[in-house]
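Structural data, given as structure tokens:
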């Protein structure tokens, strides 16, 4: 099921679920431009996050897009760009 917009709240929740982290507070408004690796999310967590986003939001995200999206802001923008393309 596709949604209209992918938000920081969505990313925080999905990253938390995908990484198995006990603390889901790494992604906040003041850390949206911080590298995901610095926030404690490795490439495996990002790829798992991508799979969960694909299933939940009904979009396709290739591995290159996911790995090139090194900050929360970049990942949110990539997902929203894909949602917009698929909606049109």
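Numbering (UniProt numbering), first residue to last: 1 to 88. Glycine included, each C-beta is placed from N, C-alpha and C at the ideal position. Source: prediction; values computed, not measured.
| field | Close-in-space but distant-in-sequence residues of the same chain around residue 18 (CB under 7 Å, 5 per side omitted) | value | 45, 48, 49 and 52, listed in sequence order.
| field | Simplified DSSP state of residue 28, which is helix, strand or coil | value | Residue 28 carries a coil assignment under DSSP once its states are collapsed to helix, strand and coil.
| Rounded C-alpha distance that separates residue 8 from residue 34 | Spanning the two alpha carbons is a distance of roughly 13 Å.
| request: Decide if residue 43 is buried, meaning its Cβ has at least 16 other Cβ atoms within 10 Å, or exposed. | output: The residue is exposed, with fewer than 16 neighbouring Cβ atoms inside 10 Å.
| task | Taking residue 36 as the reference, give the member of 66, 81 and 80 with the closest Cα. | result | Closest by alpha carbon: 66.
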